[in-house]
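Novice: Going down the list, the protein sequences come from chains A and B.
Residue numbers for the first sequence follow this note's numbering, beginning at 254 and rising by one.
Residue numbers for the second sequence follow this note's numbering, beginning at 15 and rising by one.
Can you keep this structure in mind? I'll have questions shortly.
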Amino acid sequence: MSLLQHSVALLIAFPLAFAFLTAITEKLSAKVKNIVVPVGMLSVVCTAFLTSVDVFANGTKVYTMGAELPSITMPAKLAIPIRIVFIVDAFSAFMLLLSSIVATAAFLYSASFIREAQAKYYSLLFLMLAGMFGLACTADLFNLFVFLEVLSISSAALIAFFVDFKASEASYKYLIVSSLASLMVLLAVGILYAQYDMLNIAALAKVLRFSFVDIIALALLVSALAMKAGSVPMHFWVPDAYSRAPAAITATLVVASQSCLYALFRVSFSLFGAFPLIHIIAYAIILLGILSMFIGVTMALPQKDIKRLMAYHAISQTGYMLLGVGIGLLVGNTANIYALKAMEGGIFHIINHALYKGLLFLTAGAIIYSTGKRNLDELSGLARRMPATTIFFITGAAAIAGLPPTNGFASKLLIYESSYIFNPLFSIIAMIVSILTLVSFVKVFCSAFLGPELKALSNVKEVPKPMLFAMGMLSFFIIIFGLFPDIVLNTIVEPAAMALLNQKAYIGALG
Amino acid sequence: MTLAILKTASGFWNPLAFVAFFIGVCIIIFILRAFGKKDFKPSKYKADVFFSGNIASEASRVKASDLFWGFFEAMKPYYNLITKIHTGIINDYALWYVIVASLLLTVLTLGVLQWA
Chain A
254 MSLLQHSVAL LIAFPLAFAF LTAITEKLSA KVKNIVVPVG MLSVVCTAFL
304 TSVDVFANGT KVYTMGAELP SITMPAKLAI PIRIVFIVDA FSAFMLLLSS
354 IVATAAFLYS ASFIREAQAK YYSLLFLMLA GMFGLACTAD LFNLFVFLEV
404 LSISSAALIA FFVDFKASEA SYKYLIVSSL ASLMVLLAVG ILYAQYDMLN
454 IAALAKVLRF SFVDIIALAL LVSALAMKAG SVPMHFWVPD AYSRAPAAIT
504 ATLVVASQSC LYALFRVSFS LFGAFPLIHI IAYAIILLGI LSMFIGVTMA
554 LPQKDIKRLM AYHAISQTGY MLLGVGIGLL VGNTANIYAL KAMEGGIFHI
604 INHALYKGLL FLTAGAIIYS TGKRNLDELS GLARRMPATT IFFITGAAAI
654 AGLPPTNGFA SKLLIYESSY IFNPLFSIIA MIVSILTLVS FVKVFCSAFL
704 GPELKALSNV KEVPKPMLFA MGMLSFFIII FGLFPDIVLN TIVEPAAMAL
754 LNQKAYIGAL G
Chain B
15 MTLAILKTAS GFWNPLAFVA FFIGVCIIIF ILRAFGKKDF KPSKYKADVF
65 FSGNIASEAS RVKASDLFWG FFEAMKPYYN LITKIHTGII NDYALWYVIV
115 ASLLLTVLTL GVLQWA
């Protein structure tokens, strides 16, 4: 039996094992820790990458923990799956791929960025990855709650990594919001378990009767996961948390929020996909998307704190994903080409956003690292001192504003065109938001990188090479995804959209 | 050139054609630039930043908070409302969750009642 067969189990086992190993080896020897951390990250990223490639090439992978064979989901003489089952379809593989790309960049960036308490930092980063991978792969509602908790607690600890008042406050707020969301998810899971005696998403989807109690569970799940994804009007924690976390962690937090978005889509499509009134949820998701886009960007415009500004843009960009996938949920089948393209646009935007928003947060971190300042009013003329960071910033800013030929343009084009068919207003708002995004990043570029050099910043130097390499890596993906969007779309986005739309295939994967 | 063509629902997007066009425009600009003065010598002032015809100093630079002043003035009623909502108080964060969850549940309940 090849190791690849157990790759799904290793996806969770590796980050968990290396999280504890890192902490232990720090106590034994710093040199050993310096070997364990990169080896751990390499193992985790390679496992995620290989699993994704395997799923895209060979179809959905089902893995049952503790079974004689990983593919046996039902224990003998039992009618329901009681073991921990993981179903990794194309949408899960898509999430694994984007998590591993951003995690690699975050890890490289942290090599120079984090100088103190490295063991604690990397331990928590591994735990974050365990949470994200678990969320992407689990087919069990209770484990979804468990991985949500693992992700929330490790993220909260990392937000407060630079121990100061504002970071601690941001972390506290994040923890409270996450606890509230997790509690509501647990309540919904309890409601469903009390009725059907099972927790497996695919098995539940087969027997759901859509009673009033089920509807309560649905409302709790959708609202809680939308809050964790940073959707307006439950977005208030985002600027606090994103702006205070270390830059590499902020980039990873973007993916963490997208993992919650993944859970929201998984619940809406794979669990409640057959609900006759699912169009109500679709309209709710579209409305949250429109609100997130507009309020996010308009709140970003007056910000002076560079990371806070970018955090509001993260909220705004989440709106595009909600709009695209919301339209897909509204139509709910692959026959309508506009709905399919809207879905593809929304899903394509998830990976694009992870790349360019990750890059932008890394450039913001580079500015703070070199200048010690985060207020745009105190920055000027950095392009002379930090030319490479300037180029990376321009790449990220062009992508987030949806300028051709970047990846942001490709995914936004699909969303504009498809949403126009359903309601021209959706498309018009999406375009206005893109213009305002461009305006906002012109402001950052003019104030931080252009203009006369300030005496206080005359000693500023370019950031160390590992940080540049991490930013370069994300820029590379942005350019490649922008120049060859068809390859990305056909290879990973379309299968992910089809996997999400095909509820029967997800249920059938259980056997 | 079929590679890199992104097919949308009713059209297509070819980024490589866009890049080719962009490179073409750049070449034309460089050709036009070549017709410029041959005796021009770059001076130390070449890279200085100008603002309204004067060399920009630290005092005269346009700060981030000065940009788009007119936009924010015109949008003042909107911003007064929207910033009031962003209180930074954690109780309000939870309250907004309760509002959204209740609204969603109400709409779903009404939908179920109509459906039944």
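Every residue gets a Cβ at the ideal spot worked out from N, C-alpha and C, and that includes glycine.
#1: Taking contact to mean 3 or more Cβ pairs, one atom from each stretch, closer than 8 angstroms, check whether the stretch 731 to 748 of chain A and the stretch 604 to 611 of chain A are in contact.
#2: By the three-class DSSP mapping on this structure, what secondary structure does VAL39 of chain B have?
#3: Starting from PRO705 of chain A, find everything on chain B with Cβ-Cβ shorter than 7 angstroms and list it in chain order.
#4: Nearest-angstrom Cα distance between PHE662 of chain A and ALA498 of chain A?
#5: May I ask you to report which of helix, strand or coil DSSP gives LEU530 of chain A?
#6: What residues match up with TYR316 of chain A in a beta bridge as DSSP calls it?
#7: Quick check on GLY735 of chain A - is its C-beta less than 7 angstroms from some C-beta in chain B?
#8: Determine which residues of the stretch 473 to 488 of chain A have a Cβ less than 8 angstroms from any Cβ of chain B, and write them out in chain order.
#9: Could you tell me whether the stretch 615 to 633 of chain A touches the stretch 677 to 687 of chain A, where touching means 3 or more Cβ pairs closer than 8 angstroms?
#10: By the three-class DSSP mapping on this structure, what secondary structure does THR744 of chain A have?
#11: For a contact defined as C-beta to C-beta under 7 angstroms, what are the partners of TYR591 of chain A on chain B?
#12: 7 angstroms is my cut-off, CB to CB: does GLU321 of chain A come that close to chain B?
#13: Which residues in the same chain as ASN28 of chain B place their Cβ atom closer than 8 angstroms to its Cβ, once the five residues preceding and following it in sequence are excluded?
#14: Quick one: Cα of LEU331 of chain A to Cα of ILE325 of chain A, how far?
#15: THR505 of chain A: which of A:VAL416, A:ALA641, A:MET318 and A:SER363 sits nearest, CA to CA?
#16: What does SER700 of chain A reach in chain B if we use C-beta pairs closer than 8 angstroms?
#17: Assuming ILE502 of chain A contacts LEU575 of chain A under a Cβ cut-off of 8 angstroms, what Cβ separation, rounded to an integer in Å, is found between them?
#18: When the Cα of VAL399 of chain A is compared with those of A:VAL438, A:PHE302 and A:VAL306, which residue comes out closest?
#19: Quick check on the burial criterion: 16 or more other C-beta atoms within 10 angstroms. Buried or exposed for PRO555 of chain A?
#20: Please decide whether PHE32 of chain B counts as near chain A, where near means a Cβ-Cβ distance under 7 angstroms.
#21: Would you give the residue range spanned by the alpha helix (DSSP H) that SER421 of chain A belongs to?
#22: How is PHE415 of chain A classed by DSSP in three states: helix, strand or coil?
#23: Between the stretch 457 to 477 of chain A and the stretch 120 to 128 of chain B, can you find at least three pairs of beta-carbon atoms closer than 8 angstroms?
#24: Would ALA479 of chain A and LEU541 of chain A be called neighbours here (beta carbons separated by less than 7 angstroms)?
#25: Taking DSSP's pairing of strands, which residues face ASP80 of chain B in a bridge?
#26: Would ALA130 of chain B pass as an interface residue toward chain A - the criterion being a Cβ-Cβ separation below 7 angstroms?
#27: Taking CB distances under 7 angstroms as the criterion, tell me whether VAL39 of chain B reaches chain A.
#28: Any Cβ of chain B within less than 7 angstroms of the Cβ of SER671 of chain A?
#29: Within 7 angstroms of any Cβ in chain B, is that where the Cβ of PRO767 of chain A sits?
#30: Given 8 angstroms as the limit, is there contact between the stretch 666 to 679 of chain A and the stretch 711 to 724 of chain A, that is, 3 or more CB pairs closer than that?
#31: Considering Cα atoms alone, identify which of A:PHE344, A:LEU433, A:ILE406 and A:ALA434 is closest to SER203 of chain A.
#32: Just to confirm my understanding: we take THR278 of chain A, look at its own chain, exclude 5 residues before and 5 after, and list those with CB closer than 6 angstroms. What are they?
#33: To the nearest angstrom, how far is the alpha carbon of VAL306 of chain A from that of VAL33 of chain B?
#34: Alpha carbons only, please: which of A:SER728, A:ALA567 and A:PHE489 is nearest the one belonging to GLU422 of chain A?
#35: Taking 7 angstroms as the CB-CB limit, is THR744 of chain A close to chain B?
#36: Tell me whether the stretch 338 to 346 of chain A and the stretch 748 to 755 of chain A touch, counting them as touching only if at least three CB pairs, one residue from each stretch, are closer than 8 angstroms.
Specialist: This is what the structure gives:
#1: yes
#2: One-based indexing of the second sequence puts residue 39 of chain B at position 25. Looking at VAL39 of chain B - three-state DSSP - the assignment turns out to be helix.
#3: Taking the first sequence and counting its residues from 1, the one referred to as residue 705 of chain A is at position 452. Under the 7 angstroms cutoff, chain B gives VAL63, ALA70, SER71, GLU72 and ARG75.
#4: Start at 1 with the first residue of the first sequence, and residue 662 of chain A comes out as number 409. Start at 1 with the first residue of the first sequence, and residue 498 of chain A comes out as number 245. Straight-line Cα distance between these residues: approximately 28 angstroms.
#5: The residue labelled residue 530 of chain A in the question sits at position 277 within the first sequence. DSSP places LEU530 of chain A in coil when its eight states are reduced to three.
#6: Your numbering for residue 316 of chain A matches position 63 in the first sequence. Beta-bridge pairing links TYR316 of chain A to A:PHE339.
#7: Stepping through the first sequence from its first residue, residue 735 of chain A is reached at position 482. So yes, GLY735 of chain A belongs to the interface.
#8: LEU473, VAL475, SER476, ALA477, ALA479, MET480, PRO486 and MET487
#9: no
#10: Translated into the one-based positions of the first sequence, residue 744 of chain A becomes position 491. DSSP places THR744 of chain A in helix when its eight states are reduced to three.
#11: As a working note, residue 591 of chain A is residue 338 in the first sequence. By Cβ distance, chain B contributes ALA23.
#12: For the purposes of this step, residue 321 of chain A is taken as residue 68 along the first sequence, with counting starting at 1. Chain B, which has no Cβ nearer than 7 angstroms to the Cβ of GLU321 of chain A, makes this no.
#13: Position 14 of the second sequence holds residue 28 of chain B. Excluding positions up to five away in sequence, the list reads MET15, ALA18, ILE19 and LEU20.
#14: Here residue 331 of chain A is taken as the residue at index 78 of the first sequence, counted from 1. Here residue 325 of chain A is taken as the residue at index 72 of the first sequence, counted from 1. If I take the Cα positions, the gap works out to 12 angstroms.
#15: Taking the first residue of the first sequence as 1, we reach residue 505 of chain A at position 252. Of A:VAL416, A:ALA641, A:MET318 and A:SER363, the residue nearest in Cα terms is A:SER363.
#16: Here the question's residue 700 of chain A lines up with position 447 in the first sequence. Simply VAL76, LYS77, ALA78 and LEU81.
#17: For the purposes of this step, residue 502 of chain A is taken as the residue at position 249 of the first sequence. For the purposes of this step, residue 575 of chain A is taken as the residue at position 322 of the first sequence. In fact, because the Cβ distance is near 24 angstroms, the residues do not count as touching under 8 angstroms.
#18: As a first step, residue 399 of chain A is located in the first sequence; it is residue number 146 there, counting from the start. The shortest C-alpha separation from VAL399 of chain A is found at A:VAL438.
#19: On the first sequence, residue 555 of chain A is found 302 positions in, with the first residue counted as 1. So PRO555 of chain A counts as buried.
#20: In the second sequence, the residue the question calls residue 32 of chain B occupies position 18. Closer than 7 angstroms to some Cβ of chain A, the Cβ of PHE32 of chain B qualifies, so yes.
#21: By one-based count along the first sequence, residue 421 of chain A stands at place 168. First-last of the alpha helix (DSSP H) with SER421 of chain A: 418 to 449.
#22: One-based indexing of the first sequence puts residue 415 of chain A at position 162. Coil.
#23: yes
#24: One-based indexing of the first sequence puts residue 479 of chain A at position 226. One-based indexing of the first sequence puts residue 541 of chain A at position 288. In this structure, LEU541 of chain A lies closer than 7 angstroms to ALA479 of chain A by Cβ.
#25: The residue given as residue 80 of chain B occupies position 66 in the second sequence. The partner list for ASP80 of chain B (beta bridge, DSSP) is empty, contrary to what the question assumes.
#26: The residue labelled residue 130 of chain B in the question sits at position 116 within the second sequence. No, its Cβ sits nowhere closer than 7 angstroms to a Cβ of chain A.
#27: Sequence index remark: in the second sequence, residue 39 of chain B carries index 25 (1-based). So no, VAL39 of chain B is outside the interface.
#28: Against the first sequence, residue 671 of chain A aligns to sequence position 418. SER671 of chain A counts as touching chain B.
#29: There is no way to answer for residue 767 of chain A, as the model of chain A reaches only from 254 to 764.
#30: no
#31: Only positions 254 to 764 of chain A appear in the structure, and residue 203 of chain A is not among them; the question remains open.
#32: The residue given as residue 278 of chain A occupies position 25 in the first sequence. Excluding positions up to five away in sequence, the list reads VAL285, LYS286 and VAL289.
#33: Reading the first sequence from its first residue, position 53 is the one you call residue 306 of chain A. Reading the second sequence from its first residue, position 19 is the one you call residue 33 of chain B. So the alpha carbons of these two residues sit roughly 30 angstroms apart.
#34: Reading the first sequence from its first residue, position 169 is the one you call residue 422 of chain A. Comparing Cα positions, the closest option is A:PHE489.
#35: Within the first sequence, the letter at position 491 stands for residue 744 of chain A. It does not: the Cβ of THR744 of chain A has no partner Cβ on chain B nearer than 7 angstroms.
#36: yes
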